[in-house]
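Chemist: Note that my numbering has the sequence shown beginning at -8, numbered continuously upward. Note that beta-carbon positions come from the ideal geometry of N, C-alpha and C, so glycine has one too.
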Amino acid sequence: MTDLQLPPGIDAAPAGPASAARPNPLPPGALVIGIGLAFQGLTTYAFVVIANHALAAKPYSAFSALWALTFVAAPGLFLPLEQEVGRAASARRVAGLGAGPVVRRALFLGVGLALGVMVLAGAGEGPLISTFFNGQGLLLVGFLAAMATYTFYYLSRGTLAGSARFGGYATVLIVEGAVRIAAALVLLKAGVRSDGAYGLAISLPCLIGLAAVMPRQHGVAGPGPPARWSELSSALGWLLAGSLLAQALMNVAPLAVKAFFSGGDPSAAGRVLNGLIVARIPLFFFQAIQASLMPKLSADAAAGRLEDFRLMLRRILLLVAAVIAISVAGMALLGPPVLQILFHSSRPLARGDLALLALGSEGMMAAFSLAYACIALRGYRGATAGWVAGAVALVVALLVLPGALLRVEIAFCIAVAVACAVMAVALRMRLRSRLSS
C-alpha cells in the first residue's frame, strides 16, 4: 500500500478535460500488467491443482501450510515496499531524477526484514517443522528460500513499475508463471512425491522471471540525489503492519487447521486450502477493478472531490455485496462438485464450510476497499486499526468458539466483519474531518 494506494508506478488520472478526453479509462500500464497478473493467477491455480494430484493427503497438508506461511510473510512484508518504491521511483522519473538511491534504501530495508524473518524461523526450527511441516525440513528450506527470493522479486517489480517499464513487469509475471507450471509438470511426470520439491517451486521460479527481464532493463535504477527514509513514506510502518495483518487474515485458515485441529484428519489443511483456492476466484478478479479504483479514489481525494469519492466507494461496496451473495450461494450449490473435478477430492468440504469460506474471502474485498479509501485520505492509522481489530477478533473467536473446522471458518468471517466495521468508522471520521476543514 502506498501513500495514495495506487498500483505501483501507475499515477492517478489527472482531473479535468485531459483526463476526460483520454479514451482509455484505465491508468497507464494497468492493462498490460493485468494481462500478466491474469496469466500468473491461472498458472498459480494450475500449480496448486498439480501439487494436489501429485502429493498424498499428509504431504499436501504440509505443503498447504508452507503456501499459507509464505503468502502471509512475503506479500505482507514486501508488497508495501514494492508499492512505495513504485511511487517514489515514479515521482523521481517525472522530475528527471534517477531512482537508484531510493531503490538501495528499500533494498536495505527489505533485506533487513527478510533476515529478521529468517532468523526467527531458524530459532523456531523445531516447533515450526513439527507443527506445520510434518517433520519435513526441506519445507523450512522452501520458506527461507521464499523470504530471500521475494525480497528481490517485489523490489524489482516496484522498480520496473516506477520506471514505467510495464512490459517488463508483465513479462516477469508471465515467465514466473510459465516456469512454475513447467516445474510442476516435470515433477509430476517424473513421479516426484516430495512436498519439499513442490515447496521450492513456489518461489524459485520468481528468480528465473527476474533473470529473464532485469538484465535488459537499462537505466531503471540510475544515479540520482541521495534518498531520505521519508521518501519511502513517513507512514511505512503503518502500511507494513496493516499489510502483514491483512495477509494473515487472508491465509490463516489452513494454518489454524494445521496447527490446532487436524490431529484426527491429516488432510484437513489441504482440503481447506483447496476450498479457499476456489472461493477466492472473485477476489482474484477484484484486482482488475482495483487497478482503476485506486487512481479514481486517489484523484478525487487529492482534488477535494469528496462527493465523487463517496459515490465511487458506495458503488464498489454495492458491487462487492452482490459478489458476496452470488459467491456464497454458488459455493454452497456448486462448490463440492467443482472441488471434485479440480482436485479429484473424494472428501471435499461440506457446502456450509465452503459458503463460510466464500463469505470471509469475498468479505476481504470490502475490507480492502475500505482500507484503500482510508489510505487515499491519508488515514493510515484507521486502516491499520481495522486490521488489528480483525486480528484480535480472530484470536478471541478461535479461543472461545467450539468445534474444529467450523470454529476456524466462523472466526475468519467474524474477523473480516470486525475489520470492515472498524475501518468504516475510521473512514467516516476521516471524511467528516476533511469536510469540516
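Check each candidate in A56, L98 and L350 and name the one with the smallest Cα separation from L223.
Modeler: Stepping through the sequence shown from its first residue, residue 223 is reached at position 232. Nearest option by C-alpha distance: L98.
Chemist: Within 10 Å of its beta-carbon, does W229 have 16 or more other beta-carbons around it, so buried, or fewer, so exposed?
Modeler: In the sequence shown, residue 229 corresponds to position 238, counting from 1. When all chains shown are included, W229 counts as buried.
Chemist: For K180, does the count of other Cβ atoms within 10 angstroms reach 16, so buried, or fall short, so exposed?
Modeler: Walking along the sequence shown from the start, residue 180 turns up at place 189. Answer is exposed; the Cβ neighbour count stays below 16.
Chemist: Put P92 into one of helix, strand or coil per three-state DSSP.
Modeler: Taking the sequence shown and counting its residues from 1, one reaches residue 92 at position 101. Three-state result, P92: helix.
Chemist: Identify whether S258 lies in helix, strand or coil by the three-state DSSP scheme.
Modeler: Within the sequence shown, residue 258 is the residue found at index 267, counting from 1. Coil at S258, not helix or strand.
Chemist: Identify whether L28 lies in helix, strand or coil by the three-state DSSP scheme.
Modeler: Locating residue 28 in the sequence shown gives position 37, counting from the first residue. Three-state DSSP puts L28 in a helix.
Chemist: Kindly indicate which residue of S52, A202 and D299 has the alpha-carbon position closest to the one of A250.
Modeler: Here residue 250 refers to the residue found at position 259 of the sequence shown. When only C-alpha atoms are compared, the closest one is S52.
Chemist: For L(-3), count neighbouring C-beta atoms within 10 Å of its own C-beta (all shown protein chains included) and say buried if the count is 16 or more, exposed if not.
Modeler: Indexing the sequence shown from 1 puts residue -3 at position 6. In this predicted model, L(-3) has a pLDDT of only 36, less than 50, meaning its place in the structure is not dependable enough to derive any value.
Chemist: Do you know offhand how far M414's Cα is from P206's?
Modeler: Against the sequence shown, residue 414 aligns to sequence position 423. Against the sequence shown, residue 206 aligns to sequence position 215. Cα-Cα distance, rounded: 42 Å.
Chemist: L17 by DSSP, collapsed to three states: which one?
Modeler: Counting from one through the sequence shown, the residue named residue 17 turns up at place 26. Residue placement at L17 is flagged as unreliable, the pLDDT there being 48, under the threshold of 50; the coordinate-derived value follows with that caveat. Coil at L17, not helix or strand.
Chemist: Would you mind stating whether L236 and W378 have Cβ atoms separated by less than 8 Å?
Modeler: Residue numbering aside, residue 236 sits at position 245 when the sequence shown is read from its first letter. Residue numbering aside, residue 378 sits at position 387 when the sequence shown is read from its first letter. Yes.
Chemist: Do you know how far the Cα of I268 is from the Cα of G370?
Modeler: Along the sequence shown, one-based indexing puts residue 370 at 379. Along the sequence shown, one-based indexing puts residue 268 at 277. Whole-angstrom Cα-Cα distance: 31 Å.
Chemist: Are the beta-carbon atoms of A406 and A384 separated by less than 8 Å?
Modeler: As a position in the sequence shown, residue 406 is number 415, starting the count at 1. As a position in the sequence shown, residue 384 is number 393, starting the count at 1. Taking 8 Å as the Cβ cut-off, A406 and A384 qualify as a contacting pair.
Chemist: Tell me whether G77 is buried or exposed, calling it buried when 16 or more other Cβ atoms sit within 10 Å of its Cβ.
Modeler: Position 86 of the sequence shown, counted from the first residue, corresponds to residue 77. The residue is buried, with at least 16 neighbouring Cβ atoms inside 10 Å.
Chemist: Grab me the residues of R342's own chain with a C-beta within less than 8 Å of its C-beta, minus the 5 sequence neighbours each way, in chain order.
Modeler: Your numbering for residue 342 matches position 351 in the sequence shown. Excluding residues within five positions, the ones whose Cβ falls inside 8 Å are M322, A323, L324, G326 and P327.
Chemist: Rounded to whole angstroms, what's the CA-CA distance from G133 to G187? Just pull it up for me.
Modeler: Taking the first residue of the sequence shown as position 1, residue 133 is located at position 142. Taking the first residue of the sequence shown as position 1, residue 187 is located at position 196. Roughly 7 Å separates the two Cα atoms.
Chemist: Hey, G118 and Q238 are a contact pair by Cβ (cut 8 Å); roughly how many whole angstroms apart?
Modeler: Here residue 118 corresponds to residue number 127 of the sequence shown, with the count starting at 1. Here residue 238 corresponds to residue number 247 of the sequence shown, with the count starting at 1. Residue identity check: residue 118 is Pro in the sequence provided, not Gly. Contact flag wrong, Cβ pair sits at about 21 Å.
Chemist: Answer with buried or exposed for M420, where buried requires no fewer than 16 other C-beta atoms within 10 angstroms of its C-beta.
Modeler: Sequence index remark: in the sequence shown, residue 420 carries index 429 (1-based). It counts as exposed.
Chemist: Quick one: grab the DSSP three-state call for Q331.
Modeler: What you label residue 331 is simply residue 340 of the sequence shown in a count that begins at 1. If DSSP states are grouped into helix, strand and coil, Q331 belongs with the helices.
Chemist: Can you have a look at A349 and say buried or exposed, based on whether 16 or more other CB atoms are within 10 angstroms of its CB?
Modeler: Taking the sequence shown and counting its residues from 1, the one referred to as residue 349 is at position 358. Its Cβ being crowded by 16 or more others within 10 Å, A349 is buried.
Chemist: Nearest to Y160 by alpha carbon, out of M303, I26, M355 and A362?
Modeler: For the purposes of this step, residue 160 is taken as the residue at position 169 of the sequence shown. Nearest of M303, I26, M355 and A362 to Y160, Cα basis: I26.
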